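Asker: To start, I am sharing the structure in question, which I have written as structure tokens.
Numbering (my numbering), first residue to last: 1 to 700.
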């Protein structure tokens with residue numbers, strides 16, 4: 001059983017991690033995952049716990065964040081009203097608390113009124129601003145959860161009140177709440193930016209039923225039904241254009257700014273925007289399996305695959321806070337005992353320690369940066385399945401490429417026909433086209449296209465595909481073989497080897513060599529530049545694996561500047577060769593494999609990072625690959641690595657800023673050179689800076 005809960009108002013990554021951990025520990029629960037950006041909690045559990053699960057989840061959530069509204073996904077309510085109402089309440093509380101605080105300051109410092117009067121204003125302001133923090137801390141302590149931000153803020157401000165630092169106690173709560181407000185604003189803005197990037201879900205589909213145009217939800221359209229897509233509308237489902245011609249805006253899917261022309265017979269993908277003509281489209285996929293659903297699902301669930309840095313920060317925060325609390329206690333007690341100092345002074349320094357120690361800057365900004373990086377990559381036509389794969393791209397030093405459809409266009413054309421004695425060019429092409437009739441391989445299709453005559457399929461029988469060799473078929477009781485030199489050798493057929501550069505298809509009829517057809521595949525325009533820029537980006541070794549012969553493999557690797565190539569490989573040989581290459585790479589580096597995602601699924605799965613090229617409509621690609629390049633351009637890989645490096649750079653900046661500033665103020669606080677005001681900046685101010693810095697990746 002899978003249950004999804006909406007946690008409306010959840011903006012704290014630290015709280016999200018705690019909720020996720022405690023939900024996972026419930027009896028009968030197998031797994032749980034909190035998505036901070038989507039504000040959801042997904043739980044896999046036994047059917048037996050269904051009745052009590054909602055109550056237990058609500059109890060866990062409210063023990064950390066009482067103001068969060070917990071909803072079953074099926075009962076989602078208006079987000080805007082709830083968010084707006086919560087923000088207004090927070091603003092009013094901040095305004096009233098700040099006003100009372102200012103009055104207290106004026107009464108004490110300017111008018112010099114008696115202490116009880118100014119104290120009453122300070123205490124009232126303190127309760128308005130920090131009452132919820134103290135209540136949460138008390139509830140958590142009762143449940144055995146001591147070391148969190150609520151405890152730190154409560155103990156430090158109560159301590160300040162006890163030693164008579166009334167204005168600073170209120171100031172800590174005031175600026176803590178202001179920081180939390182701006183932090184929520186930053187998280188919500190980041191969430192909205194990511195949601196906007198993924199706003200490709202179609203709202204409706206106009207389906208043609210019994211001659212009428214009916215507007216329905218895309219989920220209610222079946223395969224083979226006809227839909228109408230008008231100018232300005234988003235294509236709701238994958239299909240084939242049956243009638244009409246138009247230009248499609250594909251930026252949301254591929255990141256390409258140039259519109260793509262489609263006409264009758266062309267495939268069309270959901271999520272594109274129709275710019276001009278009216279299109280009649282025959283649906284080929286249901287909405288659940290459509291391209292737009294795959295993209296949304298991939299990006300939304302990417303946060304479930306956490307990067308090592310994220311896991312490290314979560315673990316670090318778990319131990320960091322208790323250590324600082326212990327150090328604060330030692331700072332408050334040991335110096336006065338050893339050096340006979342003022343207790344109030346050392347307690348004050350310890351309280352500053354507590355304020356600074358909250359790890360929010362790290363546990364909020366790091367996950368947001370990675371998720372923002374995934375969103376930015378998708379905007380450029382690159383789908384990344386998780387932040388672990390995005391981080392892994394930073395360590396890729398070896399890239400192994402498939403050739404056909406990856407570095408080359410995969411569009412084959414017959415370049416020359418060399419018939420053997422006793423056969424004409426037309427005879428050879430005729431035998432080859434009929435033998436390849438049932439094959440979907442690009443080479444087979446090029447032969448059929450070159451033949452350009454109608455083929456009588458009733459004459460063809462006993463068709464077989466011989467993996468890594470070619471095909472065999474019986475045509476009018478003649479056994480015809482079409483394939484590479486391995487096929488001729490295995491069948492012990494004497495043939496004349498073609499020395500021209502290109503893909504060779506040798507033909508044999510009833511065991512006699514009939515000739516050779518030479519087929520050429522063109523290198524993609526951006527392949528040379530992609531290889532060059534990948535090396536500039538830190539890739540130290542490029543390798544090409546192909547089933548093609550030695551001559552053409554050597555020519556292409558020379559043209560592209562590939563370091564190594566291995567030719568004449570069977571599909572299973574590619575996995576073996578990849579494992580061999582991997583054994584020779586540096587232990588701390590990563591190996592990536594780039595393939596077309598259909599025939600290369602085993603190799604994609606075996607690599608450290610599997611990258612499917614142009615696999616947008618391929619189930620095999622999205623299933624096997626860790627990264628999916630939505631177009632056939634090798635330069636998209638360069639773009640993916642650039643975004644990965646920028647994401648890592650911002651993550652590193654936030655770690656350095658957060659730990660550096662906190663460490664600096666911890667030292668100042670211990671030396672008595674910092675006040676509560678600096679401590680608040682060291683906590684809340686740094687958090688806001690880190691979150692705003694994390695949002696920069698969305699503009700990449």
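Using N, Cα and C, we set each Cβ at its ideal position, and we do this for glycine too.
Here the structure is a predicted model, which is why all the values come from computation and not from measurement.
Of all the options 31, 683 and 7, which has the alpha carbon lying nearest to the alpha carbon of residue 363?
Answerer: 683
Asker: Would you check if the distance between the CB atom of residue 493 and the CB atom of residue 434 is smaller than 9 Å?
Answerer: Not closer than 9 Å, so no.
Asker: Suppose contacts are defined by Cβ-Cβ distances below 9 Å. Is residue 694 in contact with residue 368 by that definition?
Answerer: yes
Asker: What are the start and end residues of each continuous beta strand (DSSP E) run of 3 or more residues lying completely inside the segment 250–307, in chain order?
Answerer: Fully enclosed beta strand (DSSP E) runs of 3 or longer: 260–262 and 279–283.
Asker: Tell me which residue opens and which closes the beta strand (DSSP E) that residue 357 is part of.
Answerer: First-last for residue 357: undefined, no H or E at that position.
Asker: Would you identify the three-state DSSP class for residue 389, choosing helix, strand or coil?
Answerer: helix
Asker: If you compare alpha carbons, which of 468, 484, 430 and 127 is closest to residue 460?
Answerer: 430
Asker: Can you look up residue 8 in the DSSP assignment and give me helix, strand or coil?
Answerer: strand
Asker: Please return the same chain residues whose Cβ sits closer than 6 Å to the Cβ of residue 149, not counting the five positions on each side in sequence.
Answerer: 358
Asker: Residue ranges of each alpha helix (DSSP H) run of no fewer than 4 residues wholly in the segment 505–541, ordered along the chain?
Answerer: 527–536
Asker: For residue 240 and chain D, any beta-carbon pair shorter than 9 Å?
Answerer: In the displayed structure, chain D is absent; only one protein chain is listed.
Asker: Assuming residue 720 contacts residue 686 (C-beta within less than 8 Å), just tell me the rounded distance between them.
Answerer: Because the chain here runs from 1 to 700, residue 720 falls outside it and cannot be looked at.
Asker: What does a CB cutoff of less than 6 Å around residue 151 pick up in its chain, not counting 5 residues either side in sequence?
Answerer: 137
Asker: Between residue 458 and residue 550, what straight-line distance do the alpha-carbon atoms span, to the nearest angstrom?
Answerer: 37 Å
Asker: When you compare only the Cα positions, how much space is there between residue 64 and residue 5?
Answerer: 16 Å
Asker: Could you pull the start and end residues of the beta strand (DSSP E) that residue 417 belongs to?
Answerer: Run containing residue 417: 408–419, per the beta strand (DSSP E) assignment.
Asker: Just to check my reading of the structure: residue 417 and residue 517 have Cβ atoms closer than 8 Å, yes? What is that Cβ distance to the nearest angstrom?
Answerer: Cβ atoms of residue 417 and residue 517 come within 8 Å of each other, at about 5 Å.
Asker: What residue does the beta strand (DSSP E) around residue 209 start on, and which one ends it?
Answerer: 205–209
Asker: Does at least one heavy atom of the ligand SAM sit under 8 Å from the Cβ of residue 459?
Answerer: Of the ligands one can find in the structure shown there are none, so the ligand SAM has no counterpart to examine.
Asker: Using DSSP bridges, identify the partner residues of residue 480.
Answerer: 473 and 509
Asker: Using CA coordinates, which residue listed in 215, 212, 293 and 243 is at the minimum distance from residue 252?
Answerer: Ranking the options by Cα distance to residue 252, first place goes to 293.
Asker: So what's residue 146 in DSSP terms, helix, strand or just coil?
Answerer: coil
Asker: What's the gap between the Cα of residue 215 and the Cα of residue 291?
Answerer: 21 Å
Asker: Check whether the segment 396–415 and the segment 331–344 are in contact - that is, three or more C-beta pairs closer than 8 Å.
Answerer: No: fewer than three Cβ pairs fall under 8 Å.
Asker: Provide the residue(s) that pair with residue 243 in DSSP beta bridges, ordered along the chain.
Answerer: 280
Asker: Might you give, ordered along the chain, the residues of its own chain that have their beta carbon closer than 6 Å to the beta carbon of residue 25, omitting 5 neighbours on each side?
Answerer: none
Asker: Between which two residues does the beta strand (DSSP E) harbouring residue 461 extend?
Answerer: 460–466
Asker: Per DSSP, residue 35 forms a beta bridge with which residues?
Answerer: 40
Asker: Looking at the strands, I want to know which residues DSSP matches up with residue 71.
Answerer: 6
Asker: Per the DSSP calculation, residue 212 is bridged to which residue(s)?
Answerer: 209
Asker: Using 10 angstroms around the beta-carbon of residue 697, count the other beta-carbons present and answer buried if the total reaches 16, otherwise exposed.
Answerer: With 16 or more neighbouring CB atoms inside 10 Å of its own CB, residue 697 falls in the buried class.
Asker: What residue range is occupied by the uninterrupted beta strand (DSSP E) comprising residue 638?
Answerer: For residue 638, there is no enclosing beta strand (DSSP E); the enclosing alpha helix (DSSP H) has its first and last residue at 635–670.
Asker: Do you know offhand how far residue 249's Cα is from residue 208's?
Answerer: Note on geometry: alpha-carbon atoms of residue 249 and residue 208 lie some 24 Å from one another.
Asker: For a test of the three-state rule: what should DSSP assign to residue 590, helix, strand or coil?
Answerer: strand
Asker: Pull up the CB-CB distance for residue 223 and residue 145, whole angstroms please, since I reckon it's below 8 Å.
Answerer: Incorrect: roughly 51 Å between the Cβ atoms, too far for contact.
Asker: Can you check DSSP and say which residues form a bridge with residue 45?
Answerer: 29
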